[in-house]
Amino acid sequence: MAKKEWRWVRVKALDAAEKAAITARCERFISETLKPRFPRTVTPTQFNYPVDIFGKWRGAKYSFITRYRSGFADNAGEEFDSAFTRLDYLEECLTETRFDLMWHRHTGQWFRVFAAVTLDEALSLIESEGVLWPAI
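Structure below.
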């Protein structure tokens with residue numbers, strides 16, 4: 678029987694400067710690409726309706742989120758957030774920053790659509806792949 682061999686693996690964590698640069702690029706993408714593509718005016722309905730699109734870090738994951746406002750009579754005006762796409766940072770890539778591009782399923786689970794893509798590739802894929810768009 679072979680003896681187990683343990684090895685240390687070096688991983689690259691995101692530092693504050695990298696996170697800030699990624700945040701700035703994603704916020705620019707949201708304001709220049711996503712927001713103009715989807716309704717600019719907030720139109721109240723009797724159901725839930727979108728009021729904003731924004732992004733937020735949670736650990737090493739950057740989520741693209743739609744904020745909805747409820748139009749139902751029993752909770753009219755209450756707001757909630759629903760993520761539609763997420764960038765999962767890959768620590769194993771030492772040479773450059775890469776992400777797994779995730780899609781939020783209706784079941785509440787995240788599903789990897791594209792693996793190990795750069796930030797520019799990820800934003801281009803979000804722009805071109807309809808499944809990664811917000812449900813508006």
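Residue numbers (my numbering): 678 to 813.
Here a beta-carbon is modelled for each residue, glycine too, at the ideal position from N, C-alpha and C.
| Asked | Found |
| --- | --- |
| C-beta contact flag for Ala760 and Ser740 at 7 Å | yes |
| Cβ contact (3+ pairs, closer than 8 Å) linking the stretch 695-712 and the stretch 791-803 | yes |
| C-alpha gap between Gly785 and Ser801, whole angstroms | 24 Å |
| Same chain, Cβ closer than 6 Å to Phe715, five either side skipped, listed in chain order | Ile813 |
| Helix, strand or coil at Ile813 [DSSP, three-state] | coil |
| Inter-residue spacing [alpha-carbon to alpha-carbon] between Ile742 and Ile730 | 6 Å |
| Of the residues Asn725, Ala753, Thr762, the one placed nearest Tyr745, counting alpha carbons only | Asn725 |
| Under 7 Å between C-beta atoms of Arg763 and Lys738 | yes |
| Span of the beta strand (DSSP E) around Arg746 | 738-746 |
| Beta strand (DSSP E) runs wholly inside the stretch 688-772, at least 3 long, in chain order | 726-735, 738-746, 756-766 |
| 3-residue-minimum beta strand (DSSP E) runs that sit fully inside the stretch 778-811, ordered along the chain | 787-794 |
| Rounded distance between the beta-carbons of Pro811 and Pro721, thought under 8 Å | So it is not a contact: roughly 18 Å between Cβ atoms. |
| Residue from Lys696, Ala792, Asp751 whose Cα sits closest to the Cα of Gln723 | Asp751 |
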